[in-house]
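In what follows, a structure is listed as structure tokens, so that the remarks can point back to it.
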Amino acid sequence: MALIRYAHAINQALSDAMSADETVIVLGEDVAQAGGSFKVTRGLVEIFGVNRVIDTPISESTIVSASVGAAMSGLRPVVEIMFMDFMTLAMDAVVNQAAKARFMFGGRTSVPMVVRTPHGGGLSAGPQHSQCLEAWFAHVPGLKVVCPSSPQDAYSLLRSSIEDSDPVIFIEHKGLYANRGEVDTALKVPIGIAKVLREGRDVTVVTYGATVAVCLAAAEKLSRDGVEVEVIDLRSLQPWDERTVFQSIAKTHRVVVVHEAVQAFGIGAEIAARIGEDAFDELDAPVIRVGAPFMPVPFSSELEKRYAVNAESVIRGLRKVLA
Amino acid sequence: MKSQKALAQSDQLITLYKTMLLIRQVELTLARIFADGEVPGFIHLCIGQEAVAAGVTSAMQQGDTLATTHRGHGHVLARGLDLDGFFKEIMGRAGGICQGRGGSMHIADMRLGIIGANGIVGAGIPISVGSALAMKLRKTGSIAVAMFGDGAMAEGVFHESLNLAALLKLPILFVCENNGWSEFSRTEKQFSGKLNKMAEAFGIGHRMVDGNNVLSVANAASNAMERLRNGEGPSVLECLTHRTRGHFEGDAQKYRTETEVKEGLERDPLTLAAVALQQALVPSEEILKMQAQIEALVNTALMNARQDAPADFEVAVNDVYTPVEA
């Protein structure tokens, strides 16, 4: 199997989806001639032409709303928002329009669209180009939210997202684009199914996105001390795979939830609360969260290094839950 | 003897008049039952603006789409929305066109190309742009119509939409119902631009018509849509009209003068059309007959809605996402 980069896996998924279904279109700022800010859509316009790979003006609100209208009129748009921070400009389109159309129009329409957008820091991109805002979207009924950590999941989850009848926020990570991995284009990954990446009997780590690698590194380190950590990559945040998580807790009885996003009011808070409500009897210790401090993502490398979740902060969390 | 042309015109006028009568009768009925507490939430009536709804939709064809506004009852009724489903929706019943989940501000019917009324000012405009994009790419030959009020001119998405529609040469008609009011404020105090100048800035054609003269609206819409269907790119139709009621029902309208309200009533689109019908020698008994028929239709729909079951919570809560086929 070919070893391909995360960014290329997304490109391949777009290309394969467009070949398979002529109603799939790609639109966004600089996605055609320039091939996208992170070159994810490179080459698509040469294959599919300017009618299906559309360079749009810098009008986030309107291009996402137009995707809603196009989705209700027979297309399957995949719209790129260059940085997740810019989703703020398209919130009406996503929250009031895309998420609600099916429900408020009596279930008589669906909005099969995907918003692709990269989150995450580590590049000194500063407070307005580094945020992880996925919890906002997971909070809105009507949206699905996915966040793949590997080229394989990026490929397969994007195919599933494009085939989905409902709007999907497809979250990529700028720091993962260059990572290589094997990709089997025939492999299906349904939305809502997590993956156990490392089995362990002592403690469960639930995570997603770029912190998957961080947690695997932490697990490796603790393994040398005889502590076996089970690492679950959620892959989908809305819906999230409660079954896989709860099965793991029934085995380990200890949980740490880890994400790059700000810890307060985040995905981890929801997962911890659900575990507290529905799996309390299984727990031998309180659920611990590891996330970013409550501050904007800082610019300087030194500041950002202190801000970011890393293997050491994950290990601190693990030791706390194991104590 | 009337000429063929005069006959055709009086037939067109009769059809348009009936549509306006239906809208007026529905809105008056809603005003009454809202005051009686039979309608949950709040409603924005379009009394005084019926000619825009009737005129614009009369030029639309099957396959065209229509995005409308919070003041959108007239538009969807003129487009042929089922009257029973309409009343049931507004009254929150199970049989509502949106199963009682949307209400007055969120009426839609995909079968008729009605891609939604909208509770967010201006939000239907970019959705309509996307619908026009789909039509262009799918080569359906259809067009998209975006209805909006003059208040929406100040929304950023309108400016963005004009730009995108012009760039991609999309088959979309931007219809501004200019009633002079942005909710509770005069639009000239809220917006320093002019619609014709905005359209011009983006290289889009603009036409202004008397929005209370239903034939003028119908003819202007028909001409504009013909150009859209020929692939000539977007255009703007500005219809000058008058909002007879408040922003919403129950609005005391202390911000308005009596003279201003009265001036509008003097140019009531239904009265103007009735005068035109008499000039076209349509007997007044026929006009009265139309009125009685429509009154009966509306009363029946209201009675049916009253008897319908309330919207079902279990159905609603399980229908947030499209069911996945097992």
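Those protein sequences? They're chains A and B, same order as listed. Numbers 1 to 323, taken from my numbering, label the letters of the first sequence in order. Numbers 1 to 326, taken from my numbering, label the letters of the second sequence in order. The beta-carbon is built from N, C-alpha and C at its ideal position, and this holds for glycine as well.
Check: Is the CB of B:Arg101 under 7 Å away from at least one CB in chain A?
Finding: Sequence index remark: in the second sequence, residue 101 of chain B carries index 101 (1-based). It does: the Cβ of B:Arg101 has a partner Cβ on chain A nearer than 7 Å.
Practice prompt. Please name the residue, chosen from A:Ala210, A:Ser156, A:Arg5, A:Asp281, that lies closest to A:Val40 on a Cα-to-Cα basis.
Written response: Numbered from its first residue, the first sequence carries residue 40 of chain A at position 40. Looking at the Cα atoms, A:Arg5 is the closest of the given residues.
*Rank A:Thr62, A:Ala210, A:Gly122, A:Glu242 by C-alpha distance to the C-alpha of A:Glu80 and give the top, closest one.*
Residue mapping note: residue 80 of chain A aligns to position 80 of the first sequence, counting from 1. Checked all of A:Thr62, A:Ala210, A:Gly122, A:Glu242; the closest Cα to A:Glu80 is A:Thr62.
Quiz item: Counting contacts by CB-CB distance shorter than 7 Å, is A:Thr117 in contact with chain B?
Solution: As a working note, residue 117 of chain A is residue 117 in the first sequence. A:Thr117 does not count as touching chain B.
Report task. Tell me whether A:Arg224 sits in a helix, a strand or coil according to DSSP, three-state version. Result -> Your numbering for residue 224 of chain A matches position 224 in the first sequence. The answer is coil: DSSP assigns A:Arg224 none of H, G, I, E or B.
Return the Cβ separation of A:Glu287 and A:Val255 in integer angstroms, given the expectation that the two are a contact with Cβ distance under 8 Å.
One-based indexing of the first sequence puts residue 287 of chain A at position 287. One-based indexing of the first sequence puts residue 255 of chain A at position 255. Reading the sequence as shown, one finds Val at residue 287 of chain A and not Glu. Contact holds; Cβ gap of about 5 Å.
* **7 Å Cβ cutoff met for B:Ala79 and B:Ile114** => Mapped onto the second sequence, residue 79 of chain B falls at position 79. Mapped onto the second sequence, residue 114 of chain B falls at position 114. The question names Ala, but residue 79 of chain B is Arg in the sequence shown. Yes, these two residues count as a Cβ contact at 7 Å.
Please name the residue or residues paired with A:His173 in a DSSP beta bridge.
Your numbering for residue 173 of chain A matches position 173 in the first sequence. A:His119.
* To do: Can you pull the chain B residues whose beta carbon is under 7 Å from the beta carbon of A:Asp166, in chain order?
  => By 1-based counting over the first sequence, the position of residue 166 of chain A is 166. Under the 7 Å cutoff, chain B gives Tyr321, Thr322.
inquiry  = Looking at A:Lys174: is its Cβ nearer than 7 Å to the Cβ of A:Gly126?
reply    = Position 174 of the first sequence, counting from 1, holds the residue named residue 174 of chain A. Position 126 of the first sequence, counting from 1, holds the residue named residue 126 of chain A. Result no, Cβ atoms of A:Lys174 and A:Gly126 do not sit closer than 7 Å.
- Message: Here's the rule I'm using: 16 or more other beta-carbon atoms within 10 Å means buried, otherwise exposed. How should A:Pro298 be labelled?
- Response: Mapped onto the first sequence, residue 298 of chain A falls at position 298. Buried: at least 16 other Cβ atoms inside 10 Å.
| task | Please state whether DSSP places B:Val236 in a helix, a strand or coil. | result | Along the second sequence, read from residue 1 onward, the residue named residue 236 of chain B stands at position 236. Note: B:Val236 maps to strand in three-state DSSP.
Given 6 Å as the limit, tell me if B:His106 has its C-beta closer than that to any heavy atom belonging to the ligand NAP. Only the bare structure without any ligand can be found here, which leaves the ligand NAP out of the picture.
Buried or exposed for B:Glu200, going by 16 or more other Cβ atoms inside 10 Å?
Counted from its first residue, the second sequence places residue 200 of chain B at position 200. Classification of B:Glu200: exposed, given that the 10 Å Cβ count is below 16.
*Pull out every residue of the segment 55–79 of chain A whose Cβ sits closer than 7 Å to any Cβ of chain B, in chain order.*
Residues Thr56, Pro57, Ser59, Ser61, Thr62, Ser65, Ala66, Ser67, Val68, Gly69, Ala70, Met72, Ser73, Gly74, Leu75.
**Message:** Within 7 Å of any Cβ in chain B, is that where the Cβ of A:Asp92 sits?
**Reply:** What you label residue 92 of chain A is simply residue 92 of the first sequence in a count that begins at 1. Yes, its Cβ sits closer than 7 Å to a Cβ of chain B.
- Task: Could you name the residues of the same chain whose beta carbon sits closer than 7 Å to that of B:Glu50, not counting the 5 residues immediately before and after it, in chain order?
- Result: The sequence position of residue 50 of chain B within the second sequence is 50, counting from 1. Correct list, in chain order: Met20, Ile23, Arg24, Gly74, Pro269, Leu270.
Residues in the same chain with beta-carbon distance under 6 Å from A:Ala34, minus the five sequence neighbours each way, listed in chain order, please.
The sequence position of residue 34 of chain A within the first sequence is 34, counting from 1. Within the same chain, A:Ala34 has no close Cβ partners at all.
*So with Cβ pairs under 7 Å, would you call B:Glu160 a contact of chain C?*
This model lacks chain C altogether; the protein chains it does include are A and B.
Between B:Leu228 and chain A, is any beta-carbon pair separated by less than 7 Å? Counted from its first residue, the second sequence places residue 228 of chain B at position 228. No, no contact with chain A.
What does the Cβ neighbour count give for A:Val146, buried or exposed, with the cut at 16 atoms within 10 Å? Taking the first residue of the first sequence as 1, we reach residue 146 of chain A at position 146. When all chains shown are included, A:Val146 counts as buried.
Go through its chain and collect everything with a Cβ distance to B:Pro126's Cβ below 7 Å, but skip five positions before and after it. Taking the first residue of the second sequence as 1, we reach residue 126 of chain B at position 126. Within the same chain, Val157, Glu160, Ser161 come within 7 Å of B:Pro126 by CB-CB distance, once the 5 residues on both sides are set aside.
B:Pro40 CB to nearest chain A CB: under 7 Å? In the second sequence, the residue the question calls residue 40 of chain B occupies position 40. It does not; no Cβ of chain A falls within 7 Å.
Looking at B:Arg93 and B:Asp312, is the spacing between their C-beta atoms short of 7 Å?
In the second sequence, residue 312 of chain B corresponds to position 312, counting from 1. In the second sequence, residue 93 of chain B corresponds to position 93, counting from 1. The answer is no: Cβ separation not under 7 Å.
Compute the distance between the beta-carbons of A:Glu220 and A:Arg201, then report whether it is under 7 Å. Reading the first sequence from its first residue, position 220 is the one you call residue 220 of chain A. Reading the first sequence from its first residue, position 201 is the one you call residue 201 of chain A. Taking 7 Å as the Cβ cut-off, A:Glu220 and A:Arg201 do not qualify as a contacting pair.
- Alpha carbon to alpha carbon, how far is B:Ile47 from B:Gly211? Position 47 of the second sequence, counted from the start, is the residue given in the question as residue 47 of chain B. Position 211 of the second sequence, counted from the start, is the residue given in the question as residue 211 of chain B. Taking the straight line from one Cα to the other gives about 13 Å.
Check your understanding: If the cut is a Cβ gap below 7 Å, which residues of chain B does A:Gln97 touch?
Key -> In the first sequence, residue 97 of chain A corresponds to position 97, counting from 1. Ala123, Ile127, listed in chain order.
What does B:His44 touch in chain A if you count any residue whose Cβ is under 9 Å from its own? Here residue 44 of chain B corresponds to residue number 44 of the second sequence, with the count starting at 1. Result: empty, since nearest Cβ-Cβ is about 17 Å, beyond 9 Å.
Query raised in the report: How would you call B:Asn163, buried or exposed, if buried means at least 16 neighbouring beta carbons within 10 angstroms?
Result: In the second sequence, the residue the question calls residue 163 of chain B occupies position 163. Classification of B:Asn163: buried, given that the 10 Å Cβ count is 16 or more.
Q.
Please list, in chain order, the residues of the segment 159–191 of chain B that have any C-beta partner in chain A closer than 8 Å.
A. Answer in chain order: Glu160, Ser161, Asn163, Leu164, Leu167, Leu168.
**A:Ala194 versus A:Asp233: straight-line alpha-carbon distance, rounded** = Along the first sequence, one-based indexing puts residue 194 of chain A at 194. Along the first sequence, one-based indexing puts residue 233 of chain A at 233. Near 6 Å, if we compare the C-alpha coordinates of A:Asp233 and A:Ala194.
Exercise for review: Could you check which residue in A:Leu318, A:Arg319, A:Ser150, A:Ser300 has the C-alpha nearest to that of A:Leu3?
Suggested key: Taking the first residue of the first sequence as position 1, residue 3 of chain A is located at position 3. Nearest C-alpha to A:Leu3: A:Ser150.
Is A:Ala66 closer than 7 Å to B:Gly130 when the C-beta atoms are compared?
Taking the first residue of the second sequence as 1, we reach residue 130 of chain B at position 130. Taking the first residue of the first sequence as 1, we reach residue 66 of chain A at position 66. Note that the C-beta distance between B:Gly130 and A:Ala66 is below 7 Å.
Within its chain, find whatever has a CB closer than 8 Å to the CB of B:Leu7; leave out the 5 residues flanking it on each side and keep chain order. Stepping through the second sequence from its first residue, residue 7 of chain B is reached at position 7. Excluding residues up to 5 positions away in sequence, nothing lies with its Cβ nearer than 8 Å to the Cβ of B:Leu7 in the same chain.
Validate contact between the segment 268–276 of chain A and the segment 88–108 of chain A using beta carbons, cut 8 Å, 3 pairs
no
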